[in-house]
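*Asks:* Quick one: structure below, then a few questions.
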Amino acid sequence: MNIKKKAPCLERRYRFKFDSYGVKIAVGSNSGEFLQKIKDHLPSIFPNCFVLHSRLKPKHDFLITVNNDRLYELYKDGELMTSGDSEENMFKFFCSRLRLTVAEFAVSRVFLHAGVVGWKGKAIVFPAQSFQGKSTLVAELIKRGALYLSDEYAVLDENGLVHPFPKTLSLREMVDKYEQTEYSATSLGGKTSSAPLPVGMVLITQFEPGAKWEPEILSEGRAILEIVPHTIPIRHDPEFSLRVLNKIVNRAIIAKSKRSEAKGFIDLLFELYETNVK
Amino acid sequence: MNNSQIPVARKQGLVVQEMPEEVLIYDLDTNKAHCLNKTAALVWKSCDGNNSVADITKSLENGFGSRVEEDLVWLAIEQLNAKDLLTENVARRIKGQTRREVIKKIGFASVIALPIVASLAAPSSVMATASCACTSPGSCVAQTSCPNPNNCNTVAGQCIP
Chain A
280 MNIKKKAPCL ERRYRFKFDS YGVKIAVGSN SGEFLQKIKD HLPSIFPNCF
330 VLHSRLKPKH DFLITVNNDR LYELYKDGEL MTSGDSEENM FKFFCSRLRL
380 TVAEFAVSRV FLHAGVVGWK GKAIVFPAQS FQGKSTLVAE LIKRGALYLS
430 DEYAVLDENG LVHPFPKTLS LREMVDKYEQ TEYSATSLGG KTSSAPLPVG
480 MVLITQFEPG AKWEPEILSE GRAILEIVPH TIPIRHDPEF SLRVLNKIVN
530 RAIIAKSKRS EAKGFIDLLF ELYETNVK
Chain B
26 MNNSQIPVAR KQGLVVQEMP EEVLIYDLDT NKAHCLNKTA ALVWKSCDGN
76 NSVADITKSL ENGFGSRVEE DLVWLAIEQL NAKDLLTENV ARRIKGQTRR
126 EVIKKIGFAS VIALPIVASL AAPSSVMATA SCACTSPGSC VAQTSCPNPN
176 NCNTVAGQCI P
């Protein structure tokens, strides 16, 4: 039996609480410095959408401890999630976990793991997991005049509109294949959308060097099937998630194809959009 | 007629989304999504516990306005069985022929689409699959969709190939 290590009782414990998309979270630590760093980064973790609130009753409780050997331990709801000796890695990991918690339990929203841009009044959504080139694709589209909404999550409301989640773009290739550097949409010469947009096209695409672009327009059922693996709250609230996905596939074009390098691919993408999205 | 030849569609523990040409079913027990094409969806909807396979075949003939082979209904039932979308397993009717042979036979003879049930599992753990951030090789192990389950790049804080 796998028994997880329980959170320790701390002599000194700092704490703050916040609400993002209706998800109530408490974050505690025995390191006031580390906690302050997280608090300072909340605006970039949850762009435009969090409220610090000292009196809310949290549903998700995180604790980060640092011991004398500089070993960091992260607990969720009293159980150990992970540990490591790099503050920077723990910080990145924790930020990612915070976002995922909100993405999974957000009230009246469905988060897709996806890149999103606005084009001619509608959103183009690219559901994909990490290392599939979402951010690179989004960056190239921004350079070509598309509005930035997100390089990580498509935040869908109950009417199927996609809301901006304009975190800084995390681009790998500019420095090293695996190390990410953060860029704002403005620094790439782009603009961020301030309003939610209806979805015009969902593109299920995966980067493959030299791949041939052969877009297939999917039926509504197959489209949902392809999007489900990228739908963060699908296990938590399948009914609401599927209802929202149904609205998307009802109105938008859902296409699937492998793609090659982002730059040459953008023209093909725009051509597909012009031909199919009314 | 043997009761096992009266298939019954499972209703418990499923979230069902109807679409014009398909039905999307999410199985809450297995966390799998199934997409039934029009033919498979019609068969599944006809499995009400009263209709025999012969009745379902007739119902399909009425729905499509053309002759339907009973084997085509059996082909759908076999898939629905395999995906756990019927309340209990129905005894296999297509004997002595491989599935491929049956598909070939029906495919040539039928003007309606062969039944298809396409399935996909939801991520085994959303928390794990949606991000490949890590602090140690141990935290990559649980993230099955990441490029490598054992290789945590501690500089980048990501599981890398």
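Chains as they are written, first to last, in this note's numbering: chain A, 280 to 557; chain B, 26 to 186.
Don't be surprised by glycine CBs; every beta carbon is placed ideally from N, CA and C.
#1: Is DSSP giving C374 (chain A) helix, strand or coil here?
#2: Suppose you measure from the CA of G38 (chain B) to the CA of F519 (chain A); what does that come to, to the nearest Å?
#3: Just how far apart, CA to CA, sit G307 (chain A) and L377 (chain A)?
#4: What alpha helix (DSSP H) runs, 4 residues minimum, are completely inside the segment 301–367 of chain A?
#5: For a contact defined as C-beta to C-beta under 8 Å, what are the partners of A65 (chain B) on chain A?
#6: In or out: R334 (chain A) buried (at least 16 other Cβ within 10 Å) or exposed?
#7: Decide if N478 (chain A) is buried, meaning its Cβ has at least 16 other Cβ atoms within 10 Å, or exposed.
#8: Can you list, in chain order, the residues of its chain with a C-beta nearer than 6 Å to that of V40 (chain B)? Leave out the 5 residues immediately preceding and following it.
#9: At a CB distance below 8 Å, what residues from the segment 492–507 of chain A approach chain B? Give them in sequence order.
#10: Let me know the secondary structure DSSP gives V386 (chain A) once reduced to three states.
#11: Span of the alpha helix (DSSP H) holding R530 (chain A)?
#12: Find the nearest neighbour of I131 (chain B) within the set B:C177, B:E94 and B:T112, judged by alpha-carbon distance.
#13: Can you tell me the Cβ-Cβ gap for Y300 (chain A) and V386 (chain A), rounded? I've got them flagged as a contact below 8 Å.
#14: Using beta carbons (cut-off 9 Å, strictly below), is E437 (chain A) in contact with chain B?
#15: Using DSSP with H/G/I as helix, E/B as strand and the rest coil, what is T460 (chain A)?
#16: Could you give the uninterrupted runs of the alpha helix (DSSP H) lying entirely in the segment 72–105 of chain B, keeping only those of 4 residues or more?
#17: For I128 (chain B), which residues from the same chain have a beta carbon less than 8 Å from its beta carbon, with the 5 sequence-adjacent residues on both sides left out?
#18: Does the beta carbon of N49 (chain B) come closer than 9 Å to any beta carbon on chain A?
#19: Can you grab the Cα-Cα spacing for the pair Y427 (chain A) / E47 (chain B), in whole Å?
#20: Would you mind stating whether L353 (chain A) and I343 (chain A) have Cβ atoms separated by less than 9 Å?
#21: Using only alpha-carbon positions, find the residue among A:A418, A:I513, A:T484 and A:L476 that is nearest to S466 (chain A).
#22: Here's the rule: buried if 16 or more other CB atoms are within 10 angstroms of the residue's CB, otherwise exposed. What is C288 (chain A)?
#23: Excluding the five sequence neighbours on either side, which residues of its own chain have a C-beta within less than 8 Å of the C-beta of H515 (chain A), listed in chain order?
#24: Can you say whether S233 (chain A) is buried or exposed, counting buried as having 16 or more other CB atoms within 10 angstroms of its CB?
#25: Who are the Cβ neighbours of L464 (chain A) in its own chain at under 6 Å, not counting the five residues just before and after it?
#26: Name, please, each residue of chain A whose Cβ falls closer than 7 Å to the Cβ of A147 (chain B).
#27: Along the chain, where does the alpha helix (DSSP H) that runs through K422 (chain A) open and close?
#28: Between the Cα of A107 (chain B) and the Cα atoms of B:W69, B:G74 and B:M44, which residue gives the shortest distance?
#29: I'd like to check one pair, I31 (chain B) with V78 (chain B): are the Cβ atoms closer than 9 Å?
*Replies:* Judging by the given coordinates:
#1: The residue given as residue 374 (chain A) occupies position 95 in the first sequence. Of the three classes helix, strand and coil, the one that applies to C374 (chain A) here is helix, per DSSP.
#2: Position 13 of the second sequence holds residue 38 (chain B). Position 240 of the first sequence holds residue 519 (chain A). Going by C-alpha positions, G38 (chain B) is about 15 Å away from F519 (chain A).
#3: As a working mapping, residue 307 (chain A) is identified with position 28 in the first sequence. As a working mapping, residue 377 (chain A) is identified with position 98 in the first sequence. Whole-angstrom Cα-Cα distance: 13 Å.
#4: 311–324
#5: Here residue 65 (chain B) refers to the residue found at position 40 when the second sequence is read from its first residue. Simply none; closest approach about 10 Å.
#6: Locating residue 334 (chain A) in the first sequence gives position 55, where the first residue counts as 1. R334 (chain A) comes out exposed.
#7: Counting from 1 along the first sequence, the entry for residue 478 (chain A) is found at position 199. Inspection of the sequence shows that residue 478 (chain A) is occupied by Val rather than by Asn. Classified as buried, V478 (chain A) has 16 or more neighbouring CB atoms from the shown chains inside 10 Å of its CB.
#8: The sequence position of residue 40 (chain B) within the second sequence is 15, counting from 1. Leaving aside the five residues that flank V40 (chain B) on each side, the residues in its chain whose CB is nearer than 6 Å to its CB run, in chain order, Y51.
#9: Going along the segment 492–507 of chain A in chain order, one finds S498, E499, G500, R501, I503, L504, E505 and V507 with a Cβ nearer than 8 Å to chain B.
#10: Within the first sequence, residue 386 (chain A) is the residue found at index 107, counting from 1. Coil, per DSSP.
#11: Locating residue 530 (chain A) in the first sequence gives position 251, counting from the first residue. Here the alpha helix (DSSP H) through R530 (chain A) covers P517 to R530.
#12: Residue 131 (chain B) sits at position 106 when you count from the first residue of the second sequence. Comparing Cα positions, the closest option is B:E94.
#13: Along the first sequence, one-based indexing puts residue 300 (chain A) at 21. Along the first sequence, one-based indexing puts residue 386 (chain A) at 107. With 8 Å as the limit, Y300 (chain A) and V386 (chain A) qualify as a contact, their Cβ atoms being about 6 Å apart.
#14: Working through the first sequence from its first residue, we reach residue 437 (chain A) at position 158. Cβ-Cβ to chain B under 9 Å: no for E437 (chain A).
#15: As a first step, residue 460 (chain A) is located in the first sequence; it is residue number 181 there, counting from the start. Correct three-state label for T460 (chain A): strand.
#16: 78–89
#17: Taking the first residue of the second sequence as 1, we reach residue 128 (chain B) at position 103. L100 and L139.
#18: As a working mapping, residue 49 (chain B) is identified with position 24 in the second sequence. The sequence given here has Leu at residue 49 (chain B), not Asn. So yes, L49 (chain B) belongs to the interface.
#19: The count along the first sequence starts at 1 and reaches residue 427 (chain A) at position 148. The count along the second sequence starts at 1 and reaches residue 47 (chain B) at position 22. Approximately 34 Å between the Cα atoms of the pair.
#20: Reading the first sequence from its first residue, position 74 is the one you call residue 353 (chain A). Reading the first sequence from its first residue, position 64 is the one you call residue 343 (chain A). Yes; because the gap between Cβ atoms is below 9 Å, this pair is in contact.
#21: As a position in the first sequence, residue 466 (chain A) is number 187, starting the count at 1. Considering only alpha carbons, the answer is A:A418.
#22: Looking up residue 288 (chain A) in the first sequence gives position 9. Per the 10 Å Cβ criterion, exposed.
#23: The residue labelled residue 515 (chain A) in the question sits at position 236 within the first sequence. Cβ neighbours of H515 (chain A) beyond the five flanking positions: E383 and F384.
#24: No answer is possible for residue 233 (chain A): it lies beyond the span of chain A, which begins at 280 and ends at 557.
#25: Locating residue 464 (chain A) in the first sequence gives position 185, counting from the first residue. Here residue 464 (chain A) turns out to be Ala, not Leu, going by the sequence shown. Correct list, in chain order: I421, Y427 and T471.
#26: Position 122 of the second sequence, counted from the first residue, corresponds to residue 147 (chain B). Here the neighbours are V507, P508, I513 and R514.
#27: Counting from one through the first sequence, the residue named residue 422 (chain A) turns up at place 143. Unbroken alpha helix (DSSP H) run through K422 (chain A): K413 to K422.
#28: As a first step, residue 107 (chain B) is located in the second sequence; it is residue number 82 there, counting from the start. The candidate whose alpha carbon is nearest that of A107 (chain B) is B:W69.
#29: Taking the first residue of the second sequence as 1, we reach residue 78 (chain B) at position 53. Taking the first residue of the second sequence as 1, we reach residue 31 (chain B) at position 6. Cβ atoms of V78 (chain B) and I31 (chain B): closer than 9 Å.
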